[in-house]
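The sequence shown: position 18 = 33 (our numbering), numbered continuously.
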Amino acid sequence: MRKLIYQGFVLTNPDGLTNTWCLTIGEQRRVGSLFELRRQIHFYQELGILPPPKPLHRRSGPKH
16 MRKLIYQGFV LTNPDGLTNT WCLTIGEQRR VGSLFELRRQ IHFYQELGIL PPPKPLHRRS
76 GPKH
């Protein structure tokens with residue numbers, strides 16, 4: 016499985032195929048190509064109906 020983070024939203028690729036990605040927002044799940052899902056994210060952001068993206072938590076490791 017591959018994961019791609021795009022503007023705070025996680026796109027997953029469970030099948031390993033390059034044209035099948037999943038975007039899950041809340042209870043809804045969209046499946047499509049990266050191009051289609053990126054377009055949907057932009058469209059929903061313009062409408063103002065997307066929840067704000069969750070900030071990424073960076074792991075703090077030992078400092079050298």
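No residue lacks a Cβ here, since even glycine has one placed at the ideal position from N, Cα and C.
Residue interval of the alpha helix (DSSP H) (run including residue i)
i     : result
Gln22 : Run containing Gln22: none; DSSP gives neither H nor E here.
Alpha carbon of residue i to alpha carbon of residue j, nearest angstrom
i     : j     : result
Leu19 : Asp30 : 14 Å
Leu38 : Glu61 : 17 Å
Gly63 : Met16 : 30 Å
Trp36 : Tyr59 : 18 Å
Asn34 : Ser48 : 5 Å
Gln55 : Asn28 : 17 Å
Arg44 : Leu26 : 10 Å
Gly41 : Phe50 : 21 Å
Phe24 : Val46 : 14 Å
Residue span of the beta strand (DSSP E) that contains residue i, given as start and end
i     : result
Leu65 : Taken as a continuous stretch (DSSP letters only), Leu65 belongs to no beta strand (DSSP E), as it is neither H nor E.
Leu38 : Trp36 to Ile40
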